[in-house]
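Protein sequence lines, in the order shown, are assigned to chains A and B.
Following the working numbering, the residues of the first sequence are numbered contiguously, the last one being 1234.
Following the working numbering, the residues of the second sequence are numbered contiguously, the last one being 1234.
Glycine residues also receive a C-beta, built at the ideal position from the N, C-alpha and C atoms.
Here the structure is laid out as structure tokens; the discussion comes afterwards.
Protein chains: 2
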Amino acid sequence: MQRQAITIRDVAREAGVSVATVSRALNGHANVAEPVRRLVHEVAQRLRYSPHGAARSLSSRSTQTIGVVLPDLHGEFFSELIRGIGAGARARRRHMLLSSYHGDREQQAAALRAMRGRVDGLLVMSPFADQPGFLEENLPPLPTVLVNTQQAEVAWPAFEIDNHAGAVAMTNHLLSLGHRRIAFIAGPAHNYDARERLRGFREAIAAHPGAQGSEYEGEFDEASGHRAGRRILAGDARPDAVFAANDMMALGCLYAFAQAGVRVPQDIALAGFDDIPLARFVHPSLTTMRVSIAQLGGRAVERLLDQIETGADANGPVSASDADRQVMAPELVVRASCGGPEHPASGTEPRENTKA
Amino acid sequence: MQRQAITIRDVAREAGVSVATVSRALNGHANVAEPVRRLVHEVAQRLRYSPHGAARSLSSRSTQTIGVVLPDLHGEFFSELIRGIGAGARARRRHMLLSSYHGDREQQAAALRAMRGRVDGLLVMSPFADQPGFLEENLPPLPTVLVNTQQAEVAWPAFEIDNHAGAVAMTNHLLSLGHRRIAFIAGPAHNYDARERLRGFREAIAAHPGAQGSEYEGEFDEASGHRAGRRILAGDARPDAVFAANDMMALGCLYAFAQAGVRVPQDIALAGFDDIPLARFVHPSLTTMRVSIAQLGGRAVERLLDQIETGADANGPVSASDADRQVMAPELVVRASCGGPEHPASGTEPRENTKA
DNA sequence: CTGAAAGCGCTTACAG
DNA sequence: CTGAAAGCGCTTACAG
Chain A
879 MQRQAITIRD VAREAGVSVA TVSRALNGHA NVAEPVRRLV HEVAQRLRYS PHGAARSLSS
939 RSTQTIGVVL PDLHGEFFSE LIRGIGAGAR ARRRHMLLSS YHGDREQQAA ALRAMRGRVD
999 GLLVMSPFAD QPGFLEENLP PLPTVLVNTQ QAEVAWPAFE IDNHAGAVAM TNHLLSLGHR
1059 RIAFIAGPAH NYDARERLRG FREAIAAHPG AQGSEYEGEF DEASGHRAGR RILAGDARPD
1119 AVFAANDMMA LGCLYAFAQA GVRVPQDIAL AGFDDIPLAR FVHPSLTTMR VSIAQLGGRA
1179 VERLLDQIET GADANGPVSA SDADRQVMAP ELVVRASCGG PEHPASGTEP RENTKA
Chain B
879 MQRQAITIRD VAREAGVSVA TVSRALNGHA NVAEPVRRLV HEVAQRLRYS PHGAARSLSS
939 RSTQTIGVVL PDLHGEFFSE LIRGIGAGAR ARRRHMLLSS YHGDREQQAA ALRAMRGRVD
999 GLLVMSPFAD QPGFLEENLP PLPTVLVNTQ QAEVAWPAFE IDNHAGAVAM TNHLLSLGHR
1059 RIAFIAGPAH NYDARERLRG FREAIAAHPG AQGSEYEGEF DEASGHRAGR RILAGDARPD
1119 AVFAANDMMA LGCLYAFAQA GVRVPQDIAL AGFDDIPLAR FVHPSLTTMR VSIAQLGGRA
1179 VERLLDQIET GADANGPVSA SDADRQVMAP ELVVRASCGG PEHPASGTEP RENTKA
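Set out below in structure tokens:
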């Protein structure tokens, strides 16, 4: 059974008016007589008419949709980002066209180009944006806001987590607890967040006379954290504290310590970054930097929609200034792994209702 | 700087051919002379032309996009679902229009209607689908597949987790361990998954002579699990085992037991449902039913795309049969909370690379 | 307040 | 193999 799609012409015929009048009535234009407006609405409802999105977009030159181009959909970072963007879009009655691609440069270029004529603006997270020309060549002529993305030069408005400041804050926290020999488990070098966190760690160590930093490689996953933990224990000068560039690696490291009978925080302090849900549940609970990814997404979409609505949709690289690069500060969360309170209020603190 | 959008006419003019030829060349139609094809591609590339999505959709009557309508974006269930759908869509070169709405019936109705002319098919998860007429009245005339959704009558193809079978399996597992008095912490009654899990528990208990079930209310969150745990301990006949309808409640319950000094599994066994990432990290690690949400989404999108491509896009409620209701069985994961191995391979088992 | 008509940017029979 | 033309389903100046 192929239901025949109802068009605006059907409504017009049935209501005995022109399609122009139907369009005006349904779009809430003022210049429609009240009885006509009512009639049209009544007929449209009876016929279960709903306008054809592509047709409407083409003639009105507006899609009521924002495009979201991400490098991946895996993991909590992206799910929180999408949730934040989705909430922001919904609040302002926009749809969301989601395009993930695999890490390949050409694939992302294609994804960006394919957005033309489908969306009114773009939210982009791209590992290739630091390659000169990449965005200029592939971004459709649309307002665009970047998220957690390093640009070749500041050209588009951008929102990002202040990874550098967060790493400085955490390092300083460890130093303030009296730790002097601090090991850092770094994330992958190709990752922007990872580089910024490493940079923050190095700066904070360098700024503190007497502090001594050491660095270990990691891949942002549990396994590499575990390997780093073992290497740390195998070294001859055991550090006072370990700062892992993200929580997953901190958990892997924690497990390596547990296996070796090294107690946290008594024998060695441990800290992570991200405040993933697990962080408060492990034993000891993990000191970390909390980043609000959903809020990052929400703010970015706000900014994008403002830009779309003011029509000042300067889309080229000329419009942005440094003022348009907004960083969001993470927050230090002290837990037991650095001598803070254990498992604060877990089990009593109400959490979000989760589906199933 | 408002870059002027390049249209197919610009390419045609520049290449000295008609727009029809440009269209054919760019869409890979066979009937274009090779030199012409090359010229057109070259010009299009030089001009950085990309076709206007709405225009293309309107004239070709195809959007290369699937619509996804969900009740919420919160929590791991939805992020995994989106990830699975996204991977499936990408594999078959489709875009994904994501529309979440708040729990309200009218809002979902509007979200469904707004999909017309924007997508070629729909993936829908709806708590209102059990109300007769809701889908019939609001679904656009498009191929549609339902996900984890209870229909008034089987009318659309549907994919869902076999919550009933999972609950039966878990209850039988607890019985097989020798437990006879089993408490069940239920999820919210308005939730389909919750109802199915409860139904499975009751059936398995009823089928086992000598087994004795008791039921406690819960809301699928940690706090309600904690409350239920306290009530369970406060009762006079302490059960041998507790089966929580999801992991979050199991964790809350676990914490209540820990506070009361009740040991798991020595004093009481505990099991959950979902296998959330936390489940293997808590102490004791949690026995649970693993459900592959991403796979659920992936299969559903496969089915939808097949339907779209065969053009047999029967979209009305007549086409589906019971054969079109596919259930996916969850898998029992035995861990320490029921006497299984503690923290299996954690820290060594490589996990997915997570962004930051 | 209302309608006829042009136009949005493509694709696709239809001729040739 | 190629082009002129119609058409997809809307919106929006333009007249009246």
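Between residue 1166 of chain A and residue 1138 of chain A the beta-carbon gap is near 22 angstroms, outside 8 angstroms, which marks them as no contact. For residue 907 of chain A, none of the residues of chain B pass the 7 angstroms Cβ criterion, the least Cβ distance being about 19 angstroms. Annotation for residue 1108 of chain A: 1134, 1138 place their beta carbon closer than 8 angstroms to its own, counting only its chain and skipping 5 residues before and after. A direct Cα-to-Cα measurement between residue 1207 of chain A and residue 1162 of chain B gives close to 35 angstroms. Judged by DSSP in its simplified three-state form, residue 924 of chain A adopts helix.
Positions of the alpha helix (DSSP H) runs, each at least 4 residues long and wholly inside the stretch 1098–1144 of chain A, are given as 1100–1112, 1125–1137 in order along the chain. Neighbours of residue 1018 of chain A in chain B, taken as residues whose beta carbon is under 7 angstroms from its own, are 928 in chain order. Taking CB atoms only, residue 943 of chain B has a neighbour in chain A less than 9 angstroms away. Residue 1017 of chain B places its beta carbon less than 9 angstroms from that of residue 990 of chain B. In the same chain as residue 930 of chain A, and ignoring 5 residues on each side of it, no C-beta atom comes closer than 6 angstroms to its own. The beta carbons of residue 1024 of chain B and residue 1012 of chain B sit no closer together than 9 angstroms.
Shortest Cα-Cα distance from residue 945 of chain B to any of B/897, B/1076, B/1019, B/922 involves B/1019. Residue range 1090–1094 is occupied by the beta strand (DSSP E) that includes residue 1094 of chain A, with no alpha helix (DSSP H) assigned at that position.
Residue 1163 of chain A sits in coil when the DSSP states are folded into three classes, being neither helix nor strand.
Taking each of A/1050, A/1075, A/1055 in turn and checking the Cα distance to residue 1086 of chain A, the smallest one comes out for A/1050. Contact check for residue 1159 of chain B against residue 1159 of chain A passes: the beta carbons are separated by less than 9 angstroms. In the three-state scheme derived from DSSP, where H, G and I count as helix and E and B as strand, residue 1148 of chain A is classed as strand. If the five residues before and after residue 1029 of chain B are omitted, its C-beta is found closer than 8 angstroms to the C-beta atoms of 1007, 1008, 1013, 1036, all from its own chain and listed in chain order. For residue 1138 of chain A, the nearest beta carbon of chain B is not closer than 9 angstroms to its own beta carbon.
Following the DSSP letters along the chain, one finds residue 897 of chain A inside the alpha helix (DSSP H) bounded by residues 897–904.
Across the stretch 1154–1168 of chain A, CB contacts with chain B closer than 9 angstroms involve 1154, 1155, 1156, 1159, 1160, 1161, in sequence order along the chain. Taking residue 1047 of chain B as reference, the option from B/1214, B/923, B/1216, B/1209 with the minimal CA-CA separation is B/1209.
Counting the other Cβ atoms within 10 Å of the Cβ of residue 1071 of chain B gives 16 or more, which makes it buried.
Under DSSP, residue 1077 of chain B shares a beta bridge with no residue.
Residue 1097 of chain A and residue 1078 of chain A have their C-alpha atoms roughly 18 angstroms apart. For residue 1188 of chain B, the number of other beta carbons within 10 angstroms of its own is below 16, and it is reported as exposed.
Taking 9 angstroms as the cut-off, the Cβ atoms of residue 1101 of chain B and residue 1130 of chain B count as close.
A straight line joining the alpha-carbon of residue 1074 of chain A with that of residue 1151 of chain A spans about 12 angstroms.
At least one beta carbon of chain A lies nearer than 9 angstroms to the beta carbon of residue 952 of chain B.
Ranked by Cα distance from residue 925 of chain B, the first of B/896, B/958, B/1144, B/885 is B/885. Note: residue 944 of chain A is bridge-paired with A/974, A/999 in the DSSP secondary-structure output. Residue 897 of chain B and residue 922 of chain B have their alpha carbons spaced roughly 12 angstroms apart. Rounded to the nearest whole angstrom, the CA to CA distance from residue 982 of chain A to residue 1027 of chain A is 16 angstroms. In chain order, 1094, 1096, 1103, 1106, 1120, 1122, 1123, 1127, 1131 place their CB closer than 7 angstroms to the CB of residue 1063 of chain A, counting only its own chain and leaving out the 5 sequence neighbours on each side.
Counting the other CB atoms within 10 Å of its CB gives residue 1099 of chain B a total of 16 or more, which places it among the buried residues.
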